[in-house]
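There are 2 protein chains.
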Amino acid sequence: MTDVPWVPVPDGSGFGIEHLPYGVFSRPGELPRVGVAIGDAVLDLAGLTETGLLDDRRWFASGSLNGFMAAGRAAWRANRARITELLTDAAHRERVEPHLIPLTEVEQHRPIEVADYVDFYSSLHHASNVGRIFRPDSEHPVLPNWRRLPVAYHGRAGTVYVSGTPILRPAGQRREGPAAEPTHGPSLRLDLEAEVGFVAGVPSAAGRPLPPDAFRDHVFGFLLVNDWSARDLQAWEYQPLGPFLSKSFATSIAAWVTPVAALEAARVPPPAQDPEPLPYLRCDEPWALDLTLEIELNGHVIARPPFSSMYWTPPQQLAHATVAGAPLRTGDLFASGTVSGPDPAQRGCLLELTWNGEDPLHLADGTHRTFLEDGDTITLRAQAPTATGNHLTLGEVTGTIHPTPP
Amino acid sequence: MTDVPWVPVPDGSGFGIEHLPYGVFSRPGELPRVGVAIGDAVLDLAGLTETGLLDDRRWFASGSLNGFMAAGRAAWRANRARITELLTDAAHRERVEPHLIPLTEVEQHRPIEVADYVDFYSSLHHASNVGRIFRPDSEHPVLPNWRRLPVAYHGRAGTVYVSGTPILRPAGQRREGPAAEPTHGPSLRLDLEAEVGFVAGVPSAAGRPLPPDAFRDHVFGFLLVNDWSARDLQAWEYQPLGPFLSKSFATSIAAWVTPVAALEAARVPPPAQDPEPLPYLRCDEPWALDLTLEIELNGHVIARPPFSSMYWTPPQQLAHATVAGAPLRTGDLFASGTVSGPDPAQRGCLLELTWNGEDPLHLADGTHRTFLEDGDTITLRAQAPTATGNHLTLGEVTGTIHPTPP
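Top to bottom, those sequences are chains A and B.
Take any residue in the first sequence, note its place counting from 1, add 786, and you have its number in our numbering.
Take any residue in the second sequence, note its place counting from 1, add 786, and you have its number in our numbering.
See below:
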């Protein structure tokens, strides 16, 4: 049974009592601080600690979640239990209510200070489609290493922006074909990538790889990620060291981080892995997550990628990322790579949805798209089941394309 | 003419009055603070500011150079001029001398907080050798994009360690050949990469690419870098998104950062670039640097790579890194990629020096090496000419290989 909050939570709100995502917000003229979303409001945790209602270790009067994220699982669990109690026990209402602020009255900030940012490539459907698009003559759409390890690369931590930040169209070099001279200019193939990320809270030591079952002890939560990509820049620059400028101009993340505990009911068995992974990647618990993503372009839903279809799971990604000895830092952000399902309507980027521009997407407003145009707005959402048969929705990620500055 | 310091500077010291590199040090039981090296001593800048001899904006009582690096070129210039004055005008000797501490009495720390870490691939000789080793049948050892843009990728900021930090042999997946099953274990092909890095001080704005001639306004200084690499992990993991674990277990940097101003006399014309780069990469000033690197393995010099032979220069690297709109942050570290010259004795990594292990290196102690063994110590040094015909030596980078932890 769920506790019933005394706070009004509108029907269909993704921010019910079973969710309680963390974010950083400010009111006009005030410094950013940490809050938790409930219904249409944010609960001001820094304010609550001043009243003595919540344990305080300087976690919440802060411009990022990092301090609290570093505190560890016992602190996360205790805080979640206490907030649930404060929001459901009517005896607390009088003292707590002054610390509920309508979301419409606050500005939201990037919730985490990003230490390192790693982006995986963990959807078999995405990797297969990319292989078919760029190597149509190959018998094997995915490369031999793909089913053996979760392929990944480091992105740019300094360009991870909070949802709502304008996305400036990147400029750079591209080459139209093998015989053409390269040119410089604004990207002509700007794309989105719908991804799900997780963020590390508790650091680990150098030379001490984390097994998959250490996931809950180190990872604070999940959040939606849009890893904007300039496909024309990428095609020209990426050999042999991988994407650089094509992916490092901007990555958008949600303003809300969903605690791992809120997604326990969304855990489902992952797709079968064949061949069986090496022992350091084996995970006994089912760790696929039943999140249904939704990609909206200018108000039109263009795809619904299922995160449950990912081949490599978050604990496997974490195990792989640390196997060579790199330590984890608080604020390390790991994104899944584009989430694509088996069906065409489940593809997580325009590269796949338009088959590299060959098959434009026709929108209900009569326009069509191959890649993103200036003024386009992309919004990512995701829904997950909760223990009581309700749903929560992850904090959305939205961004509008602005022209390359002159 | 050089000012003559009243501080004793031993013959052959690379830390003369024309150098004045910045670092972070501590004495036993004290907090780290900023200092400048002169001869065999470190000048305690935090201590000097307490006496009023040096302008203080809380730059020097700090565990990193980042605050001072963000202060900008006018502050860097003024501070360098003032330190030169304090160390050469005998009138200051009595008050300054108490703030000179023998280098043997201090511990050195990582001098910068690394924001993002970018590694280039800017030596034509290195890229050509790598192409010949891995694609011996190709007519073109470097790929078509190589002469058009400075190829680069993002590394892991969280594993940038100061010189002297033990290097734990990484473990991970490798595959012996196309028909073999992948296995997991300690890397069998652990390598060094001798590189020269630069570090950003003054941030830039998103969407505002920096032209090459903005280099001096944003870049604080240069330092030696060893980008340790696990070649067996790299070969198996790197397609299609580039190196990940093979290069992110450890990167060693010098404890001393050499100001850009100290290397003015080392600037020389770079090798001719053909084809001519696109306009955003064109640089009027000569910006190759006449640094002669030296790689020492267990006390034996195994190569002397000339940094002046690099195809892409630091200002071109900076221009490229920002052309897509990514802003610069204080502490952004950019490394050159392996520095290799045209001669076999000028190659900057064991991959090239032993031709991927085919041609072992015979050391004067009677041993030989293909790749690094546990217990091996690598030390990188570099020498540059100064305006008066003397030489300065960049802070060395050293590291010893330790076995993979059980």
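C-beta atoms are modelled at their ideal positions from N, C-alpha and C, and glycine is treated no differently.
Predicted, not measured: the structure shown is a model, and the values here were computed from it.
So, is the C-beta of residue i closer than 9 Å to a C-beta in chain B?
i          : result
Tyr-1066/A : yes
His-1106/A : yes
Phe-1197/A : Not covered by the structure: residue 1197/A. The range shown for chain A is 787 to 1192.
Thr-1124/A : no
Asp-902/A  : yes
Leu-1158/A : no
Pro-791/A  : no
Ala-938/A  : yes
Gly-1111/A : yes
Arg-1115/A : yes
If you run the structure through DSSP and keep just helix, strand and coil, what is residue i?
i          : result
His-870/A  : Residue identity differs from the one stated: residue 870/A is Thr in this sequence, not His. Here Thr-870/A sits in helix by DSSP.
Glu-1082/B : strand
Glu-893/B  : strand
Gly-944/B  : helix
Pro-884/A  : helix
Leu-954/B  : strand
Ser-834/B  : Here residue 834/B is Leu; the residue named in the question, Ser, does not match the sequence. Helix, per DSSP.
Val-916/B  : helix
Leu-829/B  : strand
Phe-1030/B : coil
Leu-806/A  : coil
Gly-853/A  : helix
Leu-910/A  : helix
Leu-1149/B : coil
Gln-1169/A : strand
Ala-823/B  : strand
Measure the C-alpha to C-alpha separation of residue i and residue j and round it to an integer number of angstroms.
i          : j          : result
Ser-1198/A : Pro-1056/A : Outside the displayed span of chain A (787 to 1192) sits residue 1198/A, for which this structure offers no information.
Asp-1013/B : Val-916/B  : 16 Å
Arg-844/B  : Phe-1035/A : 32 Å
Met-787/A  : Thr-1174/A : Unreliable placement is indicated for Met-787/A, whose pLDDT of 44 sits below 50; no coordinate value is reported for it.
Glu-1138/A : Ala-860/A  : 42 Å
Met-1091/A : Ala-1105/A : Sequence inspection shows Pro at residue 1091/A; the Met mentioned does not correspond to that position. Going by the C-alpha atoms only, they are around 25 Å apart.
Pro-1045/A : Asp-1076/A : 15 Å
Ala-1107/A : Cys-1069/A : 15 Å
Ala-1040/A : Ile-898/A  : 10 Å
Thr-1184/A : His-926/B  : 44 Å
Leu-840/B  : Leu-831/B  : 8 Å
Glu-1062/A : Asp-902/A  : 29 Å
Leu-872/B  : Arg-879/B  : 7 Å
Phe-876/B  : Thr-870/B  : According to the sequence as given, residue 876/B is Ala; it is not Phe. Roughly 11 Å separates the two Cα atoms.
Ser-850/B  : Gly-993/B  : 28 Å
Asp-1129/B : Arg-918/B  : 15 Å
Leu-1158/A : Thr-890/A  : 29 Å
Pro-952/A  : Pro-1189/A : 10 Å
Pro-964/B  : Val-1125/A : 29 Å
Ser-812/B  : Leu-834/B  : 15 Å
Trp-1042/B : Tyr-808/B  : 5 Å
Pro-1065/A : Phe-1001/A : 16 Å
Using 9 Å as the limit for Cβ to Cβ distance, is residue i near chain A?
i          : result
Asn-915/B  : no
Trp-1098/B : no
Phe-1030/B : yes
Val-988/B  : no
Arg-729/B  : As shown, chain B starts at 787 and ends at 1192. That puts residue 729/B outside it, with no answer to give.
Asp-1118/B : yes
Pro-1057/B : no
Leu-929/B  : yes
Ser-1038/B : no
Ser-924/B  : no
Ser-973/B  : yes
If we define contact as Cβ-Cβ less than 9 Å, is residue i a contact residue for chain D?
i         : result
Ser-850/B : Among the protein chains of the structure shown, namely A and B, there is no chain D.
(request) Could you name the residues of the stretch 1179 to 1192 of chain A whose beta carbon sits closer than 8 Å to any beta carbon of chain B, in the order they occur along the chain? (result) Within the stretch 1179 to 1192 of chain A, the residues whose Cβ lies closer than 8 Å to some Cβ of chain B are Thr-1190, Pro-1191, listed in chain order.
(message) Give the list of continuous alpha helix (DSSP H) stretches no shorter than 4 residues that lie fully inside the stretch 967 to 1014 of chain A.
(response) With a minimum length of 4 residues, the unbroken runs of alpha helix (DSSP H) contained wholly in the stretch 967 to 1014 of chain A fall at 1001 to 1004.
(message) Please give the ranges of any beta strand (DSSP E) in the stretch 1045 to 1131 of chain A, keeping only runs that are unbroken, at least 3 residues long and fully inside the region.
(response) DSSP runs (the beta strand (DSSP E)) wholly in the stretch 1045 to 1131 of chain A: 1078 to 1083, 1086 to 1089, 1119 to 1121.
(request) Scan the stretch 956 to 970 of chain B for residues whose Cβ lies nearer than 9 Å to a Cβ of chain A and list them as they occur along the chain. (result) Result list: Pro-956, Ala-957, Gly-958, Gln-959, Arg-961, Pro-964, Glu-967, Pro-968, Thr-969, His-970.
(request) Could you list the residues in the stretch 993 to 1026 of chain B with a C-beta less than 8 Å from some C-beta on chain A, going in chain order? (result) Under the 8 Å Cβ criterion, the stretch 993 to 1026 of chain B contributes Gly-993, Arg-994, Pro-995, Ala-1016, Leu-1019, Trp-1022, Glu-1023, Tyr-1024, Gln-1025, Pro-1026.
(request) Give the residues from the stretch 938 to 954 of chain B that approach chain A closer than 7 Å (Cβ to any Cβ), ordered along the chain. (result) Flagged, chain order: Ala-938, Tyr-939, His-940, Gly-941, Arg-942, Ala-943, Gly-944, Thr-945, Leu-954.
(request) Check distances from the C-beta atoms of the stretch 882 to 911 of chain A to those of chain B and list, in chain order, the residues that come in under 7 Å. (result) For the stretch 882 to 911 of chain A, which is checked against every Cβ of chain B, the residues closer than 7 Å are Ala-901, Asp-902, Tyr-907.
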